[in-house]
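> Position one of the sequence shown corresponds to residue 122 (the working numbering), numbered consecutively onward. Even for Gly, the Cβ is constructed at its ideal location relative to N, Cα and C. Here the structure is a predicted model, which means the values were calculated and not measured.
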Amino acid sequence: MALDFKQGISKQITKLNMKTSTFLEENKIKTFIGTLENDIRDLKVKAGELGYQMWRSGNFDPNQLIPLYKEISTKEAQIQEQEQQMKEIVAKNQQVLGQTSSESLSSAPGNAVICPKCGASCPANVNFCKKCGNKLH
Ligand SMILES: [Zn+2]
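(1) Does DSSP classify Pro237 as helix, strand or coil?
(2) Please confirm if Gly254 has its CB atom under 9 Å from at least one CB of chain B.
(3) Checking the sheet assignment: what are the DSSP bridge partners for Ser194?
(4) On the DSSP bridge list, what partners appear for Pro244?
(5) Can the beta-carbon of Ile150 be found less than 9 Å from the beta-carbon of Gln215?
(6) Does the segment 193-213 come within contact of the segment 169-180, defined as at least 3 CB pairs closer than 8 Å?
(7) Is Lys132 a contact residue of ligand 1, with contact defined as CB to any heavy atom under 8 Å?
(8) Can you tell me the Cβ-Cβ gap for Leu164 and Leu189, rounded? I've got them flagged as a contact below 8 Å.
(9) Could you check if Leu257 is buried or exposed, using at least 16 other CB atoms within 10 Å of its CB as the buried criterion?
(10) At a cut-off of 8 Å, is Asn246 close to ligand 1 when judged by its beta-carbon and the heavy atoms of the ligand?
Right, here's the structure in full:
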């Protein structure tokens, strides 16, 4: 009994650490994406100004704009990469937390379903009743 309690506590702490590290990781990525978005905005302004100045001076040369466009597309690709990474982190985290919460009902009181056959309270993410084996979904 005491051992169960201890294990329960360490499970909660693991979960908390997991949440915290995911939160920090997500924030780091969000900040990086924000920086990239600002850079892209600046580059677009720069390209716009350069294009306009060239047009005004009667010497419009698109080749001068291409390096800026390339820089923009590189940064856009970086943003996509970061967003993909964030999705993976969130998915991984949900997987781990989902497994943990299915082991103990009390940690996820909002996700319980009542078995229509025997009335037992079961985690929403299991397909069969833990008490009578009735199909839940
Ligand atoms: Zn049941």
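By the coordinates alone:
(1) coil
(2) Of the chains in the structure shown, none is chain B; there is only one protein chain.
(3) Answer by DSSP bridge pairing: none, since Ser194 is not bridged.
(4) Ala233
(5) no
(6) No, the segment 193-213 does not touch the segment 169-180.
(7) no
(8) Indeed, because the Cβ distance is near 6 Å, the residues count as touching under 8 Å.
(9) Classification of Leu257: buried, given that the 10 Å Cβ count is 16 or more.
(10) no
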